[in-house]
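Quick notes on the structure that follows.
There are 4 protein chains.
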Amino acid sequence: MIIVMRAGAAKREKEEVLDRIKELGYKPHVIHGTTRDVIGAVGDEREKRVVIDAIASMQGVESVVPILKPYKLASKEVKREKSEIRITDSLSIGGSRVIVMAGPCAIESEKQIIETAIAVKEAGAHLLRGGAYKPRTSPYSFQGMKEKGLKLLAKARKASGLPLVTEVVNPESADIVAEYADILQIGTRNAQNFELLKKVGRLKKPVLLKRGMSMTINELLMSAEYIMSEGNHSVILCERGIRTFETATRNTLDLSAIPVLKGETHLPVIADPSHATGNQKYVAAMSFAAIAAGADGLMIEVHPDPEHATSDGPQSLTPKDFSALMKKLRLFTDAAGREL
Amino acid sequence: MIIVMRAGAAKREKEEVLDRIKELGYKPHVIHGTTRDVIGAVGDEREKRVVIDAIASMQGVESVVPILKPYKLASKEVKREKSEIRITDSLSIGGSRVIVMAGPCAIESEKQIIETAIAVKEAGAHLLRGGAYKPRTSPYSFQGMKEKGLKLLAKARKASGLPLVTEVVNPESADIVAEYADILQIGTRNAQNFELLKKVGRLKKPVLLKRGMSMTINELLMSAEYIMSEGNHSVILCERGIRTFETATRNTLDLSAIPVLKGETHLPVIADPSHATGNQKYVAAMSFAAIAAGADGLMIEVHPDPEHATSDGPQSLTPKDFSALMKKLRLFTDAAGREL
Amino acid sequence: MIIVMRAGAAKREKEEVLDRIKELGYKPHVIHGTTRDVIGAVGDEREKRVVIDAIASMQGVESVVPILKPYKLASKEVKREKSEIRITDSLSIGGSRVIVMAGPCAIESEKQIIETAIAVKEAGAHLLRGGAYKPRTSPYSFQGMKEKGLKLLAKARKASGLPLVTEVVNPESADIVAEYADILQIGTRNAQNFELLKKVGRLKKPVLLKRGMSMTINELLMSAEYIMSEGNHSVILCERGIRTFETATRNTLDLSAIPVLKGETHLPVIADPSHATGNQKYVAAMSFAAIAAGADGLMIEVHPDPEHATSDGPQSLTPKDFSALMKKLRLFTDAAGREL
Amino acid sequence: MIIVMRAGAAKREKEEVLDRIKELGYKPHVIHGTTRDVIGAVGDEREKRVVIDAIASMQGVESVVPILKPYKLASKEVKREKSEIRITDSLSIGGSRVIVMAGPCAIESEKQIIETAIAVKEAGAHLLRGGAYKPRTSPYSFQGMKEKGLKLLAKARKASGLPLVTEVVNPESADIVAEYADILQIGTRNAQNFELLKKVGRLKKPVLLKRGMSMTINELLMSAEYIMSEGNHSVILCERGIRTFETATRNTLDLSAIPVLKGETHLPVIADPSHATGNQKYVAAMSFAAIAAGADGLMIEVHPDPEHATSDGPQSLTPKDFSALMKKLRLFTDAAGREL
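Quick mapping for you: the protein sequence lines, in order, are chains A, B, C and D.
Residues in the first sequence are numbered consecutively from 1, following our numbering.
Residues in the second sequence are numbered consecutively from 1, following our numbering.
Residues in the third sequence are numbered consecutively from 1, following our numbering.
Residues in the fourth sequence are numbered consecutively from 1, following our numbering.
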């Protein structure tokens, strides 16, 4: 880490910083600048973040600049080759194939979920998505069918052959969800629910980790690190839009996060254009753009009857629109040198 | 709700919207505009938010504008007079007295928490804050002393006479925290952890709900509504800074949220200048400003030795600085016509 | 416009609003709701925005919701077919061909600009970009070669055959820039410099209007409207990143703005991945993504020697990298059904 | 500046960086870290920002961290004592007196501006504000009375005795505005209109520089530096709200900018709660908060008839409300140990 001293810091202040650095096990290097001194402290500050705060609190210190990235297991410095996360015997994410997860926001009925499963399968989707436990902004909104919904999902898997991705909202119900799901999804509002991250880190199922609405890329990788540090290295990251001042779309899909993440981590990265834009009119364009930016997959909302959906109707595609999107998507996966 | 039709929407599309509105139990009023039609739908859309989404998904509809606020129990329309939340026999929040909660970010040792408790009590604080369960961005950071920390908190309460506010991070450990705490704190990263909100809504302790880093004021009130709709109406709101592009402070303390909230809700509102600014240099100025803006209280980090704190040292005041702040604060509570 | 009255607004207050609406030439429609009244006012509020503010200031009014979009000339409601902006006899923007503008951030020397012009021409670029007048955050940074730079640009046009796009920073120097440039660029910091917009609106050259760093899509269209309302309808919009909390990239490229703009306006839309990301590592991925999202063109920084550039070196591609990007770009323009 | 090399950077890459640093006149210090090397370069990088970009563009370099603040004349390192800006013989800003500027957003008529001037004077305001040149988002909105408005302002000054602050929107009309105004205001949309900043830097009148809507505090000081580097050191900074995701207020008043600025610069800082909140209901609370946070003054919109204002009616106070605000404000200036 680099410690920038204040211009005019007292000699005694500098000495105390040097003593503290040595006491903490670092080797200090003083650089005498034109207006202030800078102290380099050599050592691995990653596991002792508190050190940075402690030194920043000292008299005469203006700021402390960390040099190492705070994540390890998620970083390319620790594992250079891309991770390919195995979902089933025949399906993995992070390889050359682009993976599409499609389905309704919420499971509403047996008919709805099975019809959708078959329709998205026919259109070429690789996984079925659908929420049984729904985190909703309002307590008066539909909160999901819960375990009954999981059972319907299982039926839809049987009917369509598609593996399942569904959300976990609570450490308590994580085990039951894990019995049914092929991928456990952590939603945007729980992306820093560390108790939940630790819980899924102890389960043996791949985890789809959505970026929090106001989370930096760095923090997303720290949340992945939480899961990985508990032993579960099967983490798939998902860019789903960040909160900005723009209101024309529900959130702002940050597609540059894809190449940035590709440079920092070996984990696969997918995009969710449905939640990001909140409007089915923009889903196709942003799906193509995500693939062109290097995404390993997509998560897309499809509902047989968006006008009667219990949640997120405006952003859901009909099966017909989804099928048209998949056809055009192939042109872009080809351009990107990947299969669909 | 108001439904804005697209310019040039087909007659059939308008009729379908009208039919749908009636089917949902609303009374439609059509206004023929110069370029497009607008339909007013009279009825209480609050408990059926899905209706808005459903209609927004219909052909020929450009947008749907809700008229009613989505919260009820938290709103001033339902309860006009200010709520005064009773903490102990002699202490309540939301009355004419400004309440100050002070203490360390994390409990680190018996000595640390008891010393701090006595010092902040002497300086005039009304509650002791201190985290036993710590949500930290990094899995490698200190995660709190957990139940052992709660026991130390209880000792500090005994030693100082100050009631306690401490964080709940998980529905599973909420009951044990509630055994010790006088106020249950929901942290910024859990402000939309709806399972946790429902859990504390079923407990009989006042809840301090911190605004999420990227939460609108509307969403904060919806999270309060979650707690209240489970039966617990003792909710105190806390503005603690929102995430913006500015990096000179850790977050941007949104003090205008205070008069906005005062106009919308009967619940008390406090501010946390320590987490908002992330820098002890700015805590006093923002404490005074929060009171001038109308806050009912403050939450301030105090640590006997910030340079050796296990978390958030740079934003912690020493007991001496805190004591000086409290003296000056009295001038501002006087100006605001309140006691301290 | 729709006027939402406060719950419990007095009868007199409602009557005054109705009188005011009629006085302003609108036809009012009252809808009696369950908790409050809503008044629809029929008429074209677009040219009298002040009306909305005036009514919002009245007693008993909670909010006013405008129905019409505030722009006209830029809107698809006024002109449905896509505009194709003619640059030279053989080049236009907004048709089926994707147009690439490439070159250095700033013109530094005759050698630099001519070499770059020839190199980007060979790689397939359609226009040469290069700044003679440079708006820089610091007064101590290089401010551009000014008219001398324009003359070098003209030489580079002659040497390469590429038309020129260059920035205008001031109404005073706009005429001289217009003598040399084929397209006048309005930079992000001047996107709401209305005096400058009016000035280029009176010139006879196409204008490339960059989105301001914190401008909504709506405001971008209003700035286009400023230019168009002065008579110049040859406006090309450019998404170049918005300011958000994320710091991994210099700005956040808002690619969903492209399909949103395509739905609202007939004007062409291009993207600038160099300024948006601020890092040459991410330029190729975001170029491909912009085309997949539907952009009509790209603006890319190329410098023969980024390490010695006077500005924006870290985001500049070498001619070799640019050439590789163009080759791969063709795969994506093909996928999008467009020529390059 | 500190140069962080990539983990595994080649020896040759390091040598090239060292050579470049020396060539640029800096003295390099290499610190060999556990995973990567860090190079400290001693010298004044402030006037050669391009150096940082150039080195960041080199092979093997991961990032470059500047150590010095990019501003000089505005910084406390160059001038430690607070600047008191002289407006007239009897009025200055930045001393112990809190200064209030009040008046309408736009000048509309002789009657309006003179009545307002007299009313705000009676209530205790120190300056009259009023716009003759109005930068408006829509070309169809009222653009101000221009020179005719300036003449009316002058009459209002004569009638009330209050000095004038009014906006400059264009280098061309700056001289004429300077003939009438006592303070030249640079609006939020022109805060990085560098040509305009340089122009007012060459005039002999104090400048009120508003923070741009998406400007960092650092950038605001760089814009002040533009004005100061041309010779005009009479700059007053104004916090007027930044653009965030929150929509309950028009912008988010960033009051922590006040103590941050007070720590960085000797220039006075005032706040504009009217434009920040966009709602007269919140102006008083935010005025008190700004003073408590340490502001040297306020700019407040007052209109004799907000319902008939040509702009910004919803945020304007009536003279009666303003007078009530001023009375209460005195309690807070007293608490802050200042006069009003």
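Each residue gets a CB set at the ideal place from its N, CA and C atoms; glycine is no exception.
Predicted model only: the values in this text are computed from it and were never measured.
Residue i Cβ short of 7 Å to the ligand ZN heavy atom set
| i | result |
| --- | --- |
| D:Leu153 | Looking at this structure, you won't find the ligand ZN or any other ligand, since it has none at all. |
Contacts around residue i, its chain only, beta-carbon distance under 8 Å, and the 5 residues preceding and following it disregarded
| i | result |
| --- | --- |
| C:Ala159 | Ile114, Ala117 and Ile118 |
| D:Ile291 | Val98, Leu298, Leu329, Phe332, Thr333, Ala336 and Arg338 |
| C:Ala276 | Glu239, Arg240, Gly241, Thr249, Arg250, Asn251, Thr252, Leu253 and Met286 |
| B:Gly8 | Arg36 |
Beta-carbon separation (whole angstroms), residue i vs residue j, contact threshold 8 Å
| i | j | result |
| --- | --- | --- |
| A:Leu317 | A:Pro268 | Not a contact, Cβ separation roughly 23 Å. |
| D:Lys148 | D:Ala106 | About 12 Å; that fails the 8 Å criterion. |
| D:Ala174 | D:Val207 | About 10 Å; that fails the 8 Å criterion. |
| A:Leu184 | A:Leu203 | 7 Å |
| D:Pro304 | D:Gln112 | 6 Å |
| D:Ile85 | D:Ser234 | 5 Å |
| C:Lys210 | C:Ile176 | Wrong, their Cβ atoms sit about 21 Å apart, outside the cutoff. |
| B:Lys205 | B:Ala178 | 5 Å |
Backbone CA spacing between residue i and residue j [nearest angstrom]
| i | j | result |
| --- | --- | --- |
| C:Ala309 | C:Ala181 | 22 Å |
| C:Glu47 | C:Ala156 | Caution is warranted here: a pLDDT of 47 is assigned to C:Glu47, below 50, making its placement in the model unreliable, and the coordinate value is therefore given only provisionally. So the alpha carbons of these two residues sit roughly 45 Å apart. |
| C:Lys79 | D:Gly212 | 34 Å |
| A:Lys198 | B:Ser138 | 12 Å |
| B:Leu162 | C:Ala191 | 55 Å |
| C:Glu264 | C:Ser75 | 6 Å |
| C:Leu24 | B:Leu73 | 39 Å |
Own chain partners of residue i with C-beta closer than 6 Å, once the 5 adjacent residues on each side are dropped
| i | result |
| --- | --- |
| C:Arg6 | Gly60 and Glu62 |
| B:Arg250 | Gly278 |
| B:Ala125 | Val100 and Ala102 |
| A:Ser274 | Val283, Ile300, Glu301 and Gln315 |
| C:Ile217 | Ala257 and Val260 |
| B:Leu164 | Leu128, Leu153, Arg157, Ala181 and Asp182 |
| B:Ile21 | Pro28 and Ala41 |
Cβ neighbours of residue i in the same chain (closer than 7 Å, five flanking residues each side left out)
| i | result |
| --- | --- |
| C:Lys82 | Gly94 and His266 |
| B:Ser287 | Pro273, Leu298, Ile300, Leu325 and Leu329 |
| A:Phe194 | Tyr226 |
| D:Ala293 | Leu255, Ile258 and Pro259 |
| C:Met1 | Ala41, Glu45, Ile52, Val64, Val65, Pro66 and Ile67 |
| A:Phe322 | Ala102, Val120, Ala123, Ile300 and Val302 |
Residue i classed as buried or exposed, judged by whether at least 16 other C-beta atoms fall within 10 angstroms
| i | result |
| --- | --- |
| C:Thr35 | exposed |
| A:Val4 | buried |
| A:His32 | exposed |
| A:Ala41 | buried |
| A:Arg243 | buried |
| C:Glu307 | buried |
| C:Asp53 | buried |
| B:Gly131 | buried |
Beta carbon proximity, residue i to chain F, threshold 8 Å
| i | result |
| --- | --- |
| D:Thr35 | Among the protein chains in the structure shown, which are A, B, C and D, there is no chain F. |
Any chance you could list the beta strand (DSSP E) runs of at least 3 consecutive residues sitting entirely within the region 254-295 of chain A, in chain order? Listed in chain order, they are 269-271.
Can you check the region 143-202 of chain A for any alpha helix (DSSP H) of at least 4 residues that lies completely inside it and give the ranges in chain order? Counting only runs of at least 4 residues, the region 143-202 of chain A fully encloses the following alpha helix (DSSP H) elements, listed from N- to C-terminal order: 147-160, 171-180 and 194-201.
Where are the alpha helix (DSSP H) runs, 4 residues long or more, that stay fully inside the region 208-235 of chain A, in chain order? Residue ranges of uninterrupted alpha helix (DSSP H) with 4 or more members, entirely inside the region 208-235 of chain A and ordered along the chain, are 217-229.
Beta strand (DSSP E) runs contained entirely in the region 43-115 of chain B, provided each spans 3 or more residues: Annotation note: the region 43-115 of chain B contains the following uninterrupted beta strand (DSSP E) runs of length 3 or greater, listed N- to C-terminal: 61-65, 85-88, 91-93 and 99-103.
Quick check for students: name the residue ranges of the beta strand (DSSP E) that lie wholly in the region 295-329 of chain C, counting only runs of 3 or more. Those beta strand (DSSP E) runs which fall completely within the region 295-329 of chain C and span 3+ residues are 297-301.
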